[in-house]
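Working notes, beginning with the structure itself.
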Amino acid sequence: MIGHFRQSFHVQAPKDAGIAVFRGKATFVASDEPDIVALVVADSDGNTNLVYAKQVLIASGAAPFIPSIPGLSEVDFLTSGSAMSLEQVPESMLVVGGNAIGLEQGQLFARLGSKVEVVEIAPRIAPFEDPAISAALEQALSAEGIMFHTGANLTNVVPHESGVLATVVAEGRTQQIFAHKILIATGRRPATEGLNLDAVNVSRGDRGEIIVDEHLRTSNPRIWAAGDVTGMAQLVYVASAQGTVAASNALGNEPRSLDYTALPRVIFTSPEMAAVGMTPMQAEAAQIAYDVREIPVSFVLRAIVSRHDKGIIKMISERETGRILGIHMVGESAGEVIAAATYIISAGLTVDQLAKQWSPYFTMAESLKNVASSAPTLEDSANG
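All residue numbers for the sequence shown refer to UniProt numbering, where the first residue is 1 and numbers rise by one.
Next up, the structure:
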């Protein structure tokens, strides 16, 4: 299936569109003409092509970030890509990183039969989400036998028998964890190494990301960037939208930019975690007085009948106007529900308006109407 998609989108589609494709490693070089950008493209056989363009769009993506951990280079560690190429399911696996990739692949291997432990340096898994959402997700995954070590630092790794022995320090306590395989899922960094961006005066940030303005133009007015290489949200649909906008702007059309206010995100565990808009902490940082509504997924009839009633749904709204600022969920089909929540926030609906909307009975989307119809919690009564 992957081969089919690769052939369709990476080979056939450019050919059908009349796009010339140079396969190889691209490196920027200085150009004698100020209005021209020059690149050298070297293929796997060592052949090179010199390519000139008036406008260039960089979409080189990101690569797994491998932290500097003593001993890690001495063991056969996995990344998100190599883990999917294993021919056998390991008896045990230590996952380093408790965000999307680590949680998704950790649960995958746990369900395939591996004993899985997750080490996360932050105080909780899914650390960028609302704490209640993180807690609900951890509870659901722990129920499947996955063990979590949060607020934990991996300080050393050594080969041991048929696997690795990892030293983990948490709350002043040191423990050693043995696993047959270790998966490094500590995020991805923009792939800019080797592009020779200095030759074309393209500025980068501390993580190697290409710095762009709201129109996705770099510090070189003839070079644009889109997707993971910009260091923004590393999501397929963000990269796609940015690529479209950057290409349009590069061609001299009416300048366009993107609004990320209602940008949804999903962690594809089971149950899923999905969110859009502000968390209470973000609303507080923006000095917005807010209300919080929260119900368990077990209040949704569809969840009860389908026996997928674990999780919560949480709504944040502006206290003065009732305008919905954020919706966050752990539960079955949370990604589908959050798609609807994205439209709700984009439309500027209030809690009362949502509570009075029609909602199809016996659906997970009914959870949106249910939470809007509930009373505010006392959780954040002191805010504002």
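Glycine residues also receive a C-beta, built at the ideal position from the N, C-alpha and C atoms.
Report yes if the C-beta distance between residue i and residue j is below 8 Å; otherwise report no.
i, j, result
"Ala30", "Ala135", "no"
"Val276", "Leu258", "no"
"Gly335", "Glu272", "yes"
"Gln107", "Leu141", "yes"
"Arg319", "Asp291", "yes"
"Leu325", "Ala283", "yes"
"Leu183", "Val95", "yes"
"residue 449", "Lys314", "For the chain, the structure presents residues 1 to 384; residue 449 sits outside this window and is missing."
"Thr350", "Thr321", "yes"
"Val89", "Leu103", "no"
"Tyr241", "Ser60", "This sequence places Ala at residue 241; Tyr is not what is there. Cβ atoms of Ala241 and Ser60: not closer than 8 Å."
"Val330", "Leu368", "no"
Please report how far the alpha carbon of residue i lies from the alpha carbon of residue j, in whole angstroms.
i, j, result
"Ile345", "His328", "12 Å"
"Glu294", "Glu209", "37 Å"
"Glu91", "Ala63", "27 Å"
"Ala179", "Lys115", "8 Å"
"Lys181", "Asp76", "8 Å"
"Pro255", "Val158", "53 Å"
"Ile69", "Thr174", "16 Å"
"Ile304", "Gln357", "22 Å"
"Glu87", "Gly163", "16 Å"
"Ala355", "Val371", "8 Å"
"Val11", "Asp228", "22 Å"
"Val51", "Leu165", "49 Å"
"Ala83", "Ile101", "11 Å"
"Asp16", "His4", "16 Å"
"Met281", "Ala53", "45 Å"
"Ala286", "Ser73", "43 Å"
"Gly243", "Asp206", "23 Å"
"Ala347", "Ile316", "15 Å"
"Thr186", "Gly231", "15 Å"
"Ser359", "His308", "20 Å"
"Phe362", "Ser85", "40 Å"
"Tyr260", "Met278", "11 Å"
"Asp352", "Ala375", "11 Å"
"Phe312", "Phe128", "A quick correction: the sequence has Ile, not Phe, at residue 312. Approximately 17 Å between the Cα atoms of the pair."
"Tyr237", "Glu161", "43 Å"
"Ala289", "Thr377", "14 Å"
"Gly46", "Met93", "39 Å"
"Phe28", "Leu78", "31 Å"
"Ile177", "Phe148", "12 Å"
"Gly18", "Glu33", "27 Å"
"Asp130", "Gly71", "34 Å"
"Gly81", "Asp35", "39 Å"
"Ala239", "Thr167", "37 Å"
"Pro67", "Lys310", "34 Å"
"Asn253", "Phe65", "36 Å"
In terms of DSSP beta bridges, what is residue i paired with?
i, result
"Met232", "In the DSSP output, where bridge partners are listed per residue, Met232 has none listed."
"Ser317", "Asp291, Ile324"
"Arg173", "Ala170"
"Asn156", "Thr167"
"His149", "Val119"
"Gly331", "Glu272"
"Trp224", "Leu57, Arg217"
"Val51", "Leu39"
"Ile182", "Leu94"
"Pro190", "Ala62"
"Ile312", "Pro296, Val330"
"Ile267", "Met273"
"Thr363", "Partner(s): none; Thr363 has no beta bridge."
Return the chain-ordered list of same chain residues with a C-beta closer than 6 Å to the C-beta of residue i, the five sequence neighbours on each side being excluded.
i, result
"Thr48", "Val40, Ala42"
"Gly24", "Val41, Ala42, Asp43"
"Val169", "Asn153, Thr155"
"Glu120", "Gly98, Thr150"
"Ala26", "Leu39, Val41"
"Ser381", "Note that Ser381 scores 47 on pLDDT, short of 50, meaning its location in the model is unreliable and no value can be drawn from it."
Short of 8 Å in beta carbon distance, which residues of its chain neighbour residue i, apart from the five on each side in sequence? Order them along the chain.
i, result
"Thr218", "Ile58, Val202, Ser203, Ile210, Ile211, Val212, Trp224, Ala225"
"Gln55", "Val37, Arg222, Ile223, Trp224, Ala250, Leu251"
"Val245", "His215, Leu216, Ala226, Arg256, Ser257, Leu258"
"Asn220", "Val37, Val200, Asn201, Val202"
"Ser373", "Ala355"
"Ile146", "Gly106, Gln107, Ala110, Val116, Glu117, Val118"
"Ser306", "Glu332"
"Glu144", "Gln107, Ala110, Arg111"
"Glu171", "Gly151"
"Ala340", "Ala365, Leu368"
Does the beta-carbon of residue i, which I'm using as the reference point, lie nearer than 7 Å to any heavy atom of the ligand ZN?
i, result
"Pro64", "The model on display carries no ligand, and the ligand ZN is accordingly not part of it."
In chain order, what residues of the same chain have a beta carbon less than 7 Å from the beta carbon of residue i, not counting five sequence neighbours either side?
i, result
"Val21", "Pro14"
"Gln234", "Ala62, Arg188, Asp228"
"Ser8", "none"
"Ser248", "Arg256"
"Pro123", "Thr150, Gly151"
Check your understanding: With contact counted as at least three CB pairs below 8 Å, one residue from each stretch, are the region 251–268 and the region 290–309 in contact?
Key -> Result no; under three Cβ-Cβ pairs closer than 8 Å.
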